[in-house]
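Single-structure report; data block below.
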Amino acid sequence: MTPDTIRTVIGIIGNGTALMLYLSPVPTFYRIWKKKTVEQYSVVPYLATLLNCMIWLFYGLPVVQPHSMLIITINGIGLVIELTYIMIFLAYSVGAARRRVLLILIAEVSFVAAFAALVLNLAHTHVLRSMVVGILCVIVGTGMYAAPLSVMKMVIQTKSVEYMPLFLSLASLASGTCWTAYALIEFDLYITIPSALGVVFALGQVILYVIYYKSTQQILETRKSKADQIPMTEVVVDGKNGSTAGSGAGKGHC
């Protein structure tokens, strides 16, 4: 097999793992939809991934980087999926949290539109366009993979991985590994840097999951046992006649 063929095969596998990465939060959003609340889940990773998809979609267009259909397809799909997640998050968040998400979403779309207009009008060669957009891809891609750091900090503080789904971390690890290999075969610096960093961050999440899995189970069991307990009023026993009275009625007992 030629290097181009191998690269294409790895790119197809990378698209598959990336699709798994995009779909991995489905159980999380099913839980949000079922409970009608976003609980302690963070929207930051999804906003970061949406911005990443928009920039990479622009990077893969023929006017910027010809022959990049694999990049266009997966990021186009990812764009639709991430928008769906954010719409669900908006539906079940309230007050200032909802306004903040909406403002960030508008800011991201406006930024990408303005950036695309500037690149297409000021950079007139594929080399220059791919370099400018590629640099932004590195920055945004790194931000996407680093976004779960806030969740990782919460895991360390609470010693619980309840709000850091394992499947999401594993999918991120698989996707980062495939795209790193894809970029190294026919070296593409702009894909290599964020993908390699993605491997590092995802591996860190998996390690945290292993470390705090047992403590998470203990926290969940404690919470469940407290929820199952039946509240009992204080009982006062009269030692003389063996009668009992509620604490509220004891004042009138003779």
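If you read the sequence shown in our numbering, its first letter stands for residue 23, the second for the next number, and so on. A virtual CB, placed ideally from N, CA and C, is assigned to each residue, including glycine.
Worksheet item: Which of helix, strand or coil does DSSP assign to G38?
Response: Locating residue 38 in the sequence shown gives position 16, counting from the first residue. Reduced to three states, the DSSP call for G38 is helix.
Fill in: Proximal residues to L69 (C-beta, below 6 Å), its chain only, five neighbours per side dropped
Numbered from its first residue, the sequence shown carries residue 69 at position 47. Counting only Cβ-Cβ distances below 6 Å, and skipping sequence neighbours, we find I126.
Worksheet item: Around the C-beta of K273, are 16 or more other C-beta atoms found within 10 angstroms, so that it is buried, or is it exposed?
Response: Numbered from 1 along the sequence shown, position 251 holds the residue referred to as residue 273. Because the pLDDT at K273 is just 41, under 50, the model does not fix this residue reliably, and the point stays unresolved.
Worksheet item: Counting pairs of Cβ atoms below 8 Å between the region 45 to 57 and the region 175 to 193, do you hit three or more?
Response: yes
Item to complete: Compare the beta carbon distance of A196 and T39 with 9 Å and say whether it is the shorter of the two.
Response: Residue 196 sits at position 174 when you count from the first residue of the sequence shown. Residue 39 sits at position 17 when you count from the first residue of the sequence shown. Result yes, Cβ atoms of A196 and T39 sit closer than 9 Å.
Worksheet entry | Exposed unless 16 or more other CB atoms sit within 10 angstroms - verdict on N97 | Reading the sequence shown from its first residue, position 75 is the one you call residue 97. When all chains shown are included, N97 counts as buried.
Worksheet item: At what residues does the alpha helix (DSSP H) containing F209 begin and finish?
Response: Position 187 of the sequence shown holds residue 209. Element bounds for F209: n/a, residue is neither H nor E.
Discussion item. Going by C-alpha to C-alpha distance, which of G100, V65, K181 and T95 sits closest to R122?
Written reply: Taking the first residue of the sequence shown as position 1, residue 122 is located at position 100. Here the closest residue by C-alpha is V65.
Practice prompt. Name the two residues that bound the continuous alpha helix (DSSP H) containing L79.
Written response: Sequence index remark: in the sequence shown, residue 79 carries index 57 (1-based). L79 -> alpha helix (DSSP H) spans V66 to G82.
Item to complete: Give the secondary structure of I28 by DSSP, where H, G and I count as helix, E and B as strand, and everything else as coil.
Response: Taking the sequence shown and counting its residues from 1, the one referred to as residue 28 is at position 6. Correct three-state label for I28: helix.
Fill in: With 16 other Cβ atoms within 10 Å as the buried cut-off, status of R245
Mapped onto the sequence shown, residue 245 falls at position 223. Burial call: exposed.
Discussion item. If you follow the alpha helix (DSSP H) that H148 is in, where does it begin and where does it stop?
Written reply: Translated into positions along the sequence shown, residue 148 becomes position 126. Segment H148 to A168, the alpha helix (DSSP H) holding H148.
Practice prompt. Return yes when the Cβ of T95 is within less than 9 Å of the Cβ of N143, no when it is not.
Written response: Taking the sequence shown and counting its residues from 1, the one referred to as residue 143 is at position 121. Taking the sequence shown and counting its residues from 1, the one referred to as residue 95 is at position 73. No, they are not a contact pair.
Worksheet item: Just how far apart, CA to CA, sit I128 and E208?
Response: Mapped onto the sequence shown, residue 128 falls at position 106. Mapped onto the sequence shown, residue 208 falls at position 186. Distance between the alpha carbons of I128 and E208: 36 Å.
Worksheet item: With 16 as the cutoff for other CB atoms within 10 Å, does P124 come out buried or exposed?
Response: For this step, residue 124 is matched to residue 102 along the sequence shown. At residue 124 the sequence reads Leu, which differs from the Pro that was named. Flag for L124 reads exposed.
Discussion item. Given this structure, state the Cα-to-Cα distance separating H161 from I110, to the nearest angstrom.
Written reply: Looking up residue 161 in the sequence shown gives position 139. Looking up residue 110 in the sequence shown gives position 88. Correcting the residue type first, residue 161 is Ile in the shown sequence and not His. Just so you know, the alpha carbons of I161 and I110 end up roughly 27 Å apart.
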